[in-house]
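Read through the structure below, which is laid out as structure tokens, and then see the notes.
Residue numbers (the UniProt record's numbering), protein chains in the order written: chain U, 1 to 321; chain X, 1 to 321; chain F, 1 to 321.
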């Protein structure tokens with residue numbers, strides 16, 4: 001069902017809403033396509049005319065400078081025209097419904113919606129109700145999914161580890177509320193890593209966490225032991241001092257990544273974080289800026305991976321370059 | 001006088017401030033030019049280089065996402081560069097006068113102002129005071145005029161009815177405060193429809209309404225009888241519960257468009273609305289989304305019509321493609 | 001030291017942070033390059049492909065519509081892609097540090113930062129910490145410098161006076177708090193004018209003002225006597241009614257530029273102002289709009305001068321057109 005809506009009849013990517021239902025071949029195609037764009041960023045002219053004359057609408061119902069910026073850059077480097085709408089403060093203030101906004105933009109002959117929304121399922125809902133020629137990319141929906149973030153993480157892992165087989169990956173932090181973690185777990189398992197561990201206090205793990213294909217661990221030392229990849233999650237400030245969490249310093253003591261704790265992982269383990277980082281909360285500055293950190297490479301890869309997903313979704317619709 | 005300022009000495013469109021003073025030939029030229037752009041939206045590459053290297057400034061003193069967006073898309077598809085300024089929150093906060101803002105932008109060698117302002121006459125005022133090579137397009141000024149909206153409505157009517165001769169057009173709602181209605185009435189009469197009816201309670205009709213070349217009617221059934229075109233106006237929430245109006249539900253009962261009332265019009269009558277619609281206030285959802293509604297086609301046509309007006313205004317200034 | 005950071009090893013402009021440390025030859029190269037762009041603004045197509053495929057980020061921590069707009073236009077007319085970030089309301093609200101924001105944007109392979117910041121030294125700080133291939137342009141930092149404004153002023157002076165040698169230039173107003181004045185004084189002295197006078201009440205002059213190579217004068221008539229160029233500074237409203245200043249009208253009486261006072265200057269003296277002007281506070285409307293005023297030419301020249309600085313900074317990095 002989810003597969004159905006994301007793919008064309010020929011099995012090509014049309015919408016990108018969630019990792020769920022996508023197979024290894026398709027995820028690998030995304031990574032391979034992104035690789036062809038990655039070199040381009042170093043060129044004098046960082047543009048290709050793949051989406052010239054296409055109109056891409058950034059529909060950000062939730063504010064996110066970093067994600068919106070990389071999508072905007074990705075679209076611009078594909079030569080598309082970008083319309084960035086801060087929906088929170090515009091059409092809806094005239095009382096128009098989400099669907100009316102969507103249908104009006106459709107009528108203006110736009111080609112793609114990049115959707116960020118605080119409600120889980122928002123991008124999916126738009127994909128179900130929009131015109132057939134329009135592609136929808138999920139740029140984060142509630143606590144459900146953030147699939148482009150997961151794919152740029154996969155790209156970064158492959159860049160350093162060459163293959164997914166045999167890897168032990170530890171994801172540390174607030175798994176319960178993290179759309180990033182949910183998408184990462186699906187992608188890692190689809191791509192065939194050996195082991196996905198989730199490291200968190202019990203209050204920050206979903207009840208049925210084992211059904212997600214992960215090993216829950218409550219002790220950081222144990223969780224990092226022999227890991228190839230360590231993914232730290234951002235701790236949302238709004239969770240702090242709530243029922244879920246003790247103090248910031250207590251969290252850092254137990255689940256913050258320090259140089260000492262990182263020694264438990266493999267010597268060539270890489271450290272990842274979706275950003276923006278809270279220095280001294282979930283990660284020590286010395287680790288974030290240290291030799292094993294690939295956090296800024298994740299940001300670079302975010303542009304290439306989004307270019308890949310955007311161009312694949314447009315091309316499945318019959319766009320010819 | 002108004003004609004004078006809008007046209008070049010050769011009678012070509014230079015500014016587009018109001019329908020007043022423009023003749024049938026010129027309005028028809030706009031519709032014909034728009035038609036040549038309408039097909040383009042379905043193309044793979046929705047761009048023509050007509051205004052490449054031109055700088056168009058969106059001067060929106062009043063917020064309007066939809067209108068600003070279609071103007072921005074129209075400019076982009078003509079390959080112009082667009083500068084969108086939210087004036088309310090910028091230069092004027094440093095206490096600069098409107099004319100100083102205009103003269104400063106002129107000095108930056110911009111080519112066109114698209115002006116939206118809460119005061120009637122604002123676009124006209126700017127056209128009178130700006131440099132001779134600059135075109136001004138009125139994107140809505142107070143309760144005076146919204147001429148690009150009227151022209152996209154005319155385009156939509158012609159698309160469905162082929163010619164204006166013989167048509168009976170009913171405009172329903174708050175005529176008194178509507179710049180859209182004012183421009184529509186002028187355009188319909190210039191293009192030669194048989195009859196323009198305005199349907200509203202007495203409190204929402206201008207005192208001298210008959211001098212506008214319309215038939216005022218206070219009963220909806222009577223007003224819709226045998227109509228070819230039904231144009232619903234948006235009811236401004238801020239008028240509600242004022243001296244002008246009873247309750248929302250009372251308004252809907254008397255002047256809201258329902259399937260039952262629509263039966264009084266011709267069987268092939270089209271239903272129009274400038275948007276955004278208030279479902280259940282001035283129009284029932286079943287009608288807005290029904291087979292006779294052309295509301296979303298109006299939105300599509302808005303891009304083509306604005307491309308036409310922008311390119312005509314620039315070309316009268318000696319731009320060669 | 002300052003020279004070091006602004007120039008490449010070959011002595012080419014890499015960053016543009018301050019006039020300090022730049023020699024006459026380099027300032028003249030900027031003016032000559034700007035001249036080649038100045039004619040372009042009158043062309044049908046106001047674009048050159050010099051920076052095609054480059055990404056320029058406007059990092060405005062302080063709001064400034066006019067300066068941001070001219071930088072955006074300059075970048076667009078060089079065919080660069082522009083990302084305008086209103087930092088105050090975005091990334092930093094998630095608690096990210098300035099350096100983390102910079103490093104993240106670097107990772108997205110941007111090419112230039114245009115920085116406006118309320119703190120003196122902000123652009124310099126970013127230039128010191130950013131990746132080697134990135135150029136930084138100071139668009140105003142605290143009370144320190146506004147070097148692109150100074151260069152457009154130099155361009156305007158040369159346009160009217162042909163050469164700097166022998167000129168007497170009077171700068172009038174709040175010298176103490178003005179980054180514009182600081183940069184102007186450095187540029188005027190480097191370019192070799194005969195005399196720079198600063199005219200202000202004692203409370204609005206820096207303590208060691210004579211070390212800046214200027215003649216401090218407290219009487220307006222004396223200061224304007226025989227001047228070739230009169231530069232009025234904007235009076236910041238926030239200084240008014242403070243310890244520094246008497247009332248607005250008292251300031252205008254003593255230091256406001258009127259037609260009568262202007263008669264003390266040379267008959268062909270030009271009147272300049274960085275804008276936006278406070279009519280009737282530091283300058284009479286009749287002077288601002290009068291025949292000796294070149295205020296709007298300054299605005300025009302601002303686009304050409306910024307194009308020159310941006311393209312020179314990019315080309316020193318090895319960009320080939």
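Just so it is clear, CB atoms sit at the ideal spot from N, CA and C, and this is done for glycine as well.
Suppose you measure from the CA of residue i to the CA of residue j; what does that come to, to the nearest Å?
i	j	result
residue 300 of chain X	residue 109 of chain U	7 angstroms
residue 74 of chain U	residue 307 of chain U	5 angstroms
residue 215 of chain F	residue 192 of chain F	15 angstroms
residue 259 of chain F	residue 64 of chain X	43 angstroms
residue 49 of chain U	residue 165 of chain F	51 angstroms
residue 236 of chain X	residue 111 of chain F	47 angstroms
residue 5 of chain F	residue 254 of chain U	43 angstroms
residue 52 of chain F	residue 125 of chain F	27 angstroms
residue 167 of chain F	residue 43 of chain U	46 angstroms
residue 303 of chain U	residue 283 of chain F	49 angstroms
residue 12 of chain X	residue 312 of chain X	8 angstroms
residue 9 of chain U	residue 296 of chain X	28 angstroms
residue 305 of chain U	residue 287 of chain F	57 angstroms
residue 315 of chain X	residue 136 of chain U	37 angstroms
residue 203 of chain F	residue 209 of chain F	12 angstroms
residue 98 of chain X	residue 119 of chain X	12 angstroms
residue 291 of chain F	residue 190 of chain X	46 angstroms
residue 18 of chain F	residue 45 of chain U	29 angstroms
Between residue i and the rest of its own chain, which residues show a CB-CB distance below 8 angstroms, the 5 nearest in sequence each way excluded?
i	result
residue 322 of chain U	A question about residue 322 of chain U goes unanswered here, because the residues of chain U that appear run from 1 up to 321.
residue 140 of chain U	62, 64, 67, 116, 117, 146, 149, 179
residue 161 of chain F	167, 228, 229, 270
residue 156 of chain F	270, 272, 294, 297, 298, 301
Check whether chain U comes within 7 angstroms of residue i, counting only Cβ atoms and requiring the distance to be less than that.
i	result
residue 311 of chain X	no
residue 73 of chain X	yes
residue 39 of chain F	no
residue 316 of chain X	no
residue 306 of chain F	no
residue 49 of chain X	no
residue 300 of chain X	yes
residue 332 of chain F	The requested residue 332 of chain F does not occur in the structure, where chain F is confined to residues 1 to 321.
residue 81 of chain F	yes
Starting from the C-beta of residue i, find all residues in its chain whose C-beta is less than 7 angstroms away, skip the five residues before and the five after it, and write them out in chain order.
i	result
residue 285 of chain U	279
residue 106 of chain X	130, 131, 134
residue 37 of chain X	304, 307, 308
residue 84 of chain X	58, 68, 72
Excluding the five sequence neighbours on either side, which residues of its own chain have a C-beta within less than 6 angstroms of the C-beta of residue i, listed in chain order?
i	result
residue 265 of chain U	224, 227, 230
residue 169 of chain U	188, 193, 196, 229
residue 82 of chain U	56, 72, 75
residue 177 of chain F	143
Looking at the C-beta of residue i, does it have a partner C-beta in chain X at a distance below 7 angstroms?
i	result
residue 90 of chain U	With a pLDDT of 48 at residue 90 of chain U, under the threshold of 50, the modelled position of that residue is not reliable, and the figure given next carries that caveat. For residue 90 of chain U, the answer is yes, since a Cβ of chain X falls inside 7 angstroms of its Cβ.
residue 78 of chain U	no
residue 112 of chain U	no
residue 104 of chain U	yes
residue 8 of chain U	no
residue 321 of chain F	Confidence is the limiting factor: at residue 321 of chain F the pLDDT is only 39, short of 50, which leaves the residue's position unreliable, though a coordinate-based value still follows. Residue 321 of chain F does not count as touching chain X.
residue 117 of chain U	no
Check the Cβ-Cβ distances between residue i and every residue of chain A, and say whether any is below 7 angstroms.
i	result
residue 133 of chain F	Among the protein chains in the structure shown, which are U, X and F, there is no chain A.
From the DSSP output, read off the bridge partner residues of residue i.
i	result
residue 113 of chain X	X/57, X/136
residue 232 of chain X	X/172
residue 216 of chain X	X/198
residue 86 of chain F	F/60
residue 38 of chain X	DSSP output for residue 38 of chain X lists no bridge partner at all.
If we define contact as Cβ-Cβ less than 7 angstroms, is residue i a contact residue for chain F?
i	result
residue 285 of chain U	no
residue 96 of chain X	yes
residue 52 of chain X	yes
residue 257 of chain U	no
- Query: Any chance the segment 196-208 of chain F sits against the segment 173-186 of chain F, with 3 or more Cβ pairs inside 8 angstroms?
  - Reply: yes
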